[in-house]
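Right, one structure below, let's go through it.
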Amino acid sequence: MKKEEAILQIKRASKHFGGFYAVNDVSLEVKRGQICGLVGPNGSGKSTLFNTILGLQKPDSGDIIFNGTRINDAAPHQIYNMGMVNAFQIPHIFPSMSVLDNILIAARDYPGENMIESLFLRRKWQEKEQKLIEEAMEILKFVNLDMLGFALTSELSGGQRKLLEIAKGLMAKPTLFLLDEPAAGVNPVLGKKIFQKLQELTQEGMTFLIIEHRLDLLFEFASWIYVLNKGIIVAMGQPHEIVDNPDFYQAYLGEK
Amino acid sequence: MNIAVYILDIIIYIGIFSIVAISLNLEYGFTGLGNFGKVAFFLIGAYTYAILSQAGVPFYLCLICGGIIAAIGGLIISLPALRLREDYLAIVTLTVGEILRLIVKTESSIGGGVWGISVKRAISISFPAGFSAINKTVINAGVQIVLIFGILALCFIVLQLLTRSPYGRIMRALRDNELATESLGKSRAKYKAQVFMLGSAIAGIAGGLFAQYIRFIDPYMFMPIVTFTVWIMSLVGGPANFTGALLGATLVQIFDRGTNILKDYITLPIDPVNLQYILFGVLIILVLFFRPQGLLRESKFTTRPLKLVYEKRRSDTSNKKS
Amino acid sequence: MSLMLICDDLMNVNWIQILLNSAVTGSLYLIGAVGLTVTYGLSGFPNFAHAEFLTLGAFIGFWIAEDIGAPLPVAFIVAFLITGIISVLCYRFIFQPLAKKGASTIHLMVASIALGFIIRYSIGAVWSWTPMYFSIKWPSYIVGSVRIAGQWSLLIVVALVLAFSMHLILIKTRIGKAIRASSSNPDLALASGINVGRIILITWFAGAGLAAVAGIFRAVNTQIWPLTGWDIILPIFAVVVLGGIGNYYGAIAAAFIIGLAENVGVVFLTSIGLSTEYRMAIAFIIIVITLIVKPQGLAMLFRRG
Amino acid sequence: MTRKILLVLLIAVLLLPATIACSETTPTETAPIKIGVNLSLTGDLGAMGVKMLDAARLAVKEINAAGGVLGRQLVLVEESDNTDPAKGLERTKKMIDVDGIQAMVGPMITGTANSSGPYAAENNVVMVTPSATAADLSNQDWKPYLYRICLLDDLQAEVLANVVMEKGYQRLATIVQDNTYGKGLEAALVSSLEVKGWTGEHVVAVHFDSVKKDYLSELQQIKDANPDVVFAVTYADDGIIVFKQALDLGLDSIAWLGCDGNYGSGLFADAQSAEFMAKAFVAGTRTVGGIGDVTAKFNANFEKEYGYAPEVYCDTTYDCVYAIAKAIQAAGAYDGAKIQAAMAGLKWEGASGPISFNAKGDRDSGSFELWKVEKDANGNYANVRVSVVNV
Amino acid sequence: MAGILSTQNVKAGYNDVIIIHDVSLEVACGEIVAILGPNGSGKSTFIKCILGFAKLFDGNVLYDGNIITGITSDKAVSMGISYVPQINNVFPNLTISENLDIGAYHRSNKSEIKNSISEIFDMFPELAVKKKNLAGNLSGGERQMLAIARAIMAQPKVLLLDEPFASLSPKPIAVILSKLTSIKQNGIAIMMVEQNVREALSISDRGYVLVNGSCVMSGNSDSLFAEEFSRQKFLGLEEKKFDRNKFRVHNDS
């Protein structure tokens, strides 16, 4: 696998609401197999940038290129099926369904999700589903939720929901996984564990783009950081470079 | 005096309204689409059946066409309406139902307007002379029960299979959290429109069955109260459970007919019709307060493989213990 | 029918009279819709039992004015108060606890339909389904080519006074500002020390009271029976939706637009050879189109509402 | 779980007949005869149906006081179709299957007659309707089991057409209820005028929804079309609103024609409506009892019993009960098929005039009254007879 | 210095998630206290739990020496605690004057309210010019000023501000800073949550630093400001030693 290749490229993307530029001429690259961090104070445009990448909002200008394809105009579900998934900061769970159901629904290329096939090709999807359940169990084990597979999602604690949100993303076997604050709202030990897991997954070729306010964790695991402030990338580099970069502190602690 | 015959009539009504109620359960209970215009699709099915059967089309084609046209109607309404907030969707569908009724009422060229339209029974049997009226009625009712419950069983099985499949999982997911479902790569517009079409088609078929059983339809039969009645059935029985729809339809029918019969034997201080509706209102509010999920809950398992895994796991743990 | 003939038809119409009729219809819808739009905006669900508040008010007014023989203004006031209190009780003991239990919008809506059943058929049980009529005889005036009946002028005056005094209340008084603040930003209203729960109760009280006034007018103009309110609930919903849910000024504009649309609609319907029965459909189509195309309705024009 | 539920369902369905069966008493030769009544006691036409039910009860009371039928008392099984034909059929079935009636008064509305007809005929149950006037009903294959005490639309329309011809009106406007009754009479009048070679023009046709109850603009339409005669088909409740609003708009300068639906003191409940009718109505039609004192006696008894004067279709409802009683008497048994056969030969003087049936079971003789509204010295309004036309 | 508002070992969060762990701090009359920390550190949650907008699991809130734990916001306002949320902090459909009137909702003396309004307009001439404008039409800085002005209308003894400078450009920040100083001079205690550390510390008397829901530093502003070297500490990065050779991926970039 070519690690140097950029899986996601953003070229001069802008997004404004009224006169306010939430994302202003941002260009960045995420390389395959990398954990890439995106940091910045509140209101710096991180979430808007994420939404733009995911197709939830259309950029006003610029290009978003995923795996060599321009995805500016793709719908969120199309982008998902191309292999880019995300985990929300506040877990988007399906409370009336079991944990396993929550994960299974995230699988891509699943034949049973077509009305005709789910009715008339039952054997086909049931076989596939058995395999998917096994995979889902693996993933649950990976995030330590394997004992809760049949619990109702509404009964999970906040931290467990967070893990479930990540597990859902993994079920889709993504090539690029966008995470919005994976460690927020979970205890520090678990937060660290999550990042360790993510690092394990990079060994399998998965790529992560992560927004995280727990800078200690992010800087420990990420290999590249972009610092966003007021819609503009003000600094980038490896964590140790960022730590020494005055622009980074200016973004976070205010103008001098 | 033939109470048995009357019971058969009740059973047939239960059958027809169960079909409408399960279509509402499909839309509302499983997918979260609050369709308050159920009667519109019921009406489309009934009028399609009536008009086609007058033209001599065989009954099964009439039913299928009724379903298809209702599905098309559902698609036309769903395209713009399904992205609406749930209360807007409710108001829009309720209003569309009334517009449709107004049209068939005013345009007498469509289905006789206010004069209504006579409908032939789907299956009419020519009895040899000397058959008693009772026997004829019973046999006719028997044929109707076979027809209606056949279709009910078919719808029930199809929907049961559908909701216990990955497709059903997506439906439930849409109900729980639309945005999350979309972000998991499922086009919510597509799935919602499909479900709405399927639900409308089923309601349309029920409308056809209703028309051929009543043998006469006119616009006064398709008031919003029909939609509300179906909602009562669904909410009482359990919106996310098809057996619940059957239970709800049965309870409402028995309540309706039972109180109507009881009034002949009990002297009430108030008019029985008024009392009936007051009790309906109280019943719904009580259900919403104390049993918002209905009498029957949603099934825990979305698919059969999941259930098998669950059972296997349970037996494994119990084996370990022993 | 050719276009020429249609034009010819339209020339013959007494447009001033049509405008007056529209004002009458619109005034009634306005009084009926104000309460619904405010409670819809604040409580977040369409209260279908609002129709029954109209009916109930009409019956209470009828009872006071005809059976007891009190003058009409007394009937208006008593109907306003009693209906308002009943509405508050309904909110307090049905909708509020349901909302606290986490009932969805649909459940609240179904509950309101159920409450509507209870009130409507209770009225039917108490007063019977036979229509009744106010015995007051109103004078009728001719002004130029226009005829004005006494009850219409009263209705229009009440609607105008209501529109203006509501405006003053909302703009000038403490409670009015609190109502607007609560519907504009409920969380901040709470953080500003406004007891939003109490504000909601007040709007339910006043809204239902106004519905009662509208119900009496409807009854005076036509008849009184248990469906008095239900007969016009969909046009009232059309006003609420077109005006922008929760927007008072939008509702004023929408009431008169829909009054105009219905009455002018009758003229156009007959001139193009359609049944006047489609008059009902005009309001319905306005609902559907507004919700699909621009769910915020006219609210964008009246941001201050 | 599912199996349990199905079991419960089954038990519930089976319990219902058990409860009914327990409360049933087996009919004997001396037990009262149950006659069905299927009217609209709630819904759009509920107000009218309630009064008609009073008339039926009066007839039963009188018959029972006179010794009943075949030595047995009559009992009414009262059902309401809520002005919904589907409900109407359901209620008919209930009366036939649960109460075992062989004859019934009603249905009140044409829709319920259409929906209930086939089932009644299959079970040999006779329906005698006081008010379903639509001509179309005569051609149904189940028609032998429906007898009609009311006179049909086309007969009434002919009388009205004569008035139009005689007075020489040239511009006809119609404002009719948007239902079988209104549209039926309107169509019958127009075709009757055509047959008679009328040269005038039908300038505007307004079909109104009786639920809308605000007809200002519709009436304005009529006014703007400048007709010289307006034909109104309403019942009492909507009629009041139409007429009071017509007065508000000054439509009393035009001649108005009425029909049986807007006959009766119910329309005078509102003073403005009464004033308008007195001013504007040149004539209205309705079926009447010709000579004889049956009508007078009915009117007097009705008013004495209920405290208000009988309104439209009260007399025919009353006659329906008598028709059934007489047919049972003639048949010698309470048996639908026999009653149906006996009914055809009946001929008597009813509250609504001389009654007999043609081959189709429709009333073939009767008198129409032309009426007007007048204010008496005390300031009370009343319908006044202009003339009587026999058809 | 007696604290007008203080917290004792509060634990707070949402639903079942605890975000704030054992935080005790206080603000005294006529003092500005800044609560600093990177985003996600729980600052906003902390301020919200005082007024019951976030869930308080444990600990106490004291106001004027009395325990007011679990108070409802309308009572808190009438007692003298005003709160300015970070977003949606004005009533967009109301004019500036009306927003101020709402601020004085629990006050009854009309002439006093009138005086307060004119005082406010003296303090915020920018708002006085536009007093008939809808708040929804104001710029970000003006909105923030209005939000603060609305809160002052309640005549609070303590003003709680949630990130008053967020997403504002330097110029309005400077204006608001000066306004806060004059508010302080009127004897109102201000407790302000902010991530713009320098701006906040430039006017505050004391500061607390929250990282990951716990208070890691506190002291007077000058001393905090002086700890410029510990800026990593503000971001919770103080003990991390980033291995410069750990990542080779980007060496060439």
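Residue numbers (this note's numbering), protein chains in the order written: chain X, 1 to 256; chain V, 1 to 322; chain P, 1 to 305; chain D, 1 to 391; chain Y, 1 to 253. We put the CB at the ideal spot given by N, CA and C, even for glycine.
In the three-state reduction of the DSSP assignment, His167 of chain P falls in the helix class, which pools H, G and I.
Looking only at D:Asp97, D:Tyr235, D:Asp362, the smallest Cα-Cα distance to Gly284 of chain D is reached by D:Tyr235.
Residues of chain Y with a Cβ closer than 8 Å to the Cβ of Ile194 of chain P are, in chain order, Asp74, Ile102, Tyr105. The beta carbon of Gln17 of chain P sits closer than 9 Å to some beta carbon of chain D. Exposure of Lys196 of chain D is indicated by the presence of fewer than 16 other C-beta atoms within 10 angstroms of its C-beta.
C-alpha of Ile19 of chain Y to C-alpha of Lys193 of chain X: approximately 18 Å in a straight line. Along the stretch 48–127 of chain Y, the beta strand (DSSP E) occurs as fully enclosed runs of 3 or more residues at 55–63, 81–84, listed in sequence order.
In the DSSP assignment, Leu159 of chain Y forms a beta bridge with Y:Ser82, Y:Ile190. The C-beta of Thr69 of chain X has fewer than 16 other C-beta atoms within 10 Å across all chains shown, which makes the residue exposed. In the structure shown, His240 of chain X adopts helical secondary structure according to DSSP, grouped into three states. Segment contact: the stretch 162–181 of chain V against the stretch 114–132 of chain V, fewer than three CB-CB distances shorter than 8 Å; contact not assigned. A contact between stretches requires three or more CB pairs, one per stretch, nearer than 8 Å, and the stretch 122–136 of chain D meets this requirement with the stretch 299–319 of chain D. Listed in chain order, the positions of the stretch 186–210 of chain Y with a beta carbon within less than 7 Å of a beta carbon of chain X are Gln195, Asn196, Val197, Arg198, Glu199.
Chain-order list of chain Y residues neighbouring Glu200 of chain X: empty, with the shortest C-beta distance near 16 Å, by a criterion of under 7 Å. According to the DSSP assignment, Pro354 of chain D belongs to the beta strand (DSSP E) that extends over 353–356. With a cut-off of 8 Å on Cβ pairs, the stretch 88–107 of chain V is in contact with the stretch 207–225 of chain V, counting three or more such pairs.
In this structure, Asp153 of chain D sits near Leu185 of chain D, with a CB-CB distance shorter than 9 Å. One alpha carbon belongs to Lys294 of chain P, the other to Ile232 of chain V, and they sit about 31 Å apart. Minimum Cα-Cα distance from Asp73 of chain X among the listed residues X:Thr52, X:Ile242, X:Ala87 corresponds to X:Thr52. Scanning the stretch 96–156 of chain D from its first residue to its last, the whole alpha helix (DSSP H) runs of 4-plus residues come out as 110–122. Three or more beta-carbon pairs separated by less than 8 Å link the stretch 197–213 of chain P to the stretch 36–43 of chain P, which places the two stretches in contact. Contact between the stretch 37–48 of chain V and the stretch 75–95 of chain V is present: 3 or more CB-CB pairs across the two stretches fall below 8 Å. Among the bridge pairs identified by DSSP, Ala281 of chain P is matched with none. Using a Cβ-Cβ cut-off of 9 Å, Gly34 of chain V counts as an interface residue toward chain P, since at least one Cβ of chain P sits closer than that to its own. Taking a C-beta cut-off of 9 Å against chain V, the contacting residues of the stretch 107–119 of chain P are His107, Leu108, Met109, Val110, Ala111, Ile113, Ala114, Leu115, Gly116, Phe117, Ile118, Ile119, listed in chain order. The Cβ neighbour count for Ser96 of chain X, taken over all protein chains shown within 10 Å, is at least 16; the residue is labelled buried. Here the stretch 245–252 of chain X does not lie against the stretch 112–122 of chain V, with fewer than 3 beta-carbon pairs under 8 Å apart. As computed with DSSP, Phe177 of chain X is found in a beta bridge with X:Val85, X:Phe208. Taking a Cβ-Cβ threshold of 7 Å, none of the residues of chain X is close to Val92 of chain V; the smallest such distance is about 24 Å.
Of P:Ala103, P:Asp67, P:Phe117, P:Phe48, the smallest CA-CA separation from Gly281 of chain V is found for P:Phe117.
Residue environment analysis places Phe290 of chain V among the exposed positions, since fewer than 16 neighbouring C-beta atoms fall within 10 angstroms of its C-beta.
Listed along chain D, the residues sitting closer than 8 Å to Met223 of chain V by beta-carbon distance are Asp84.
Per DSSP, the unbroken alpha helix (DSSP H) holding Glu117 of chain X starts and ends at 115–120.
The continuous stretches of alpha helix (DSSP H) do not include Ser80 of chain D, which lies in the beta strand (DSSP E) extending over residues 74–80. The way I'd put it, the stretch 167–187 of chain X does touch the stretch 77–90 of chain X; three or more beta-carbon pairs between them come closer than 8 Å. For Glu298 of chain V, the chain X residues whose C-beta falls within less than 8 Å of its own C-beta are Ser96, listed in chain order.
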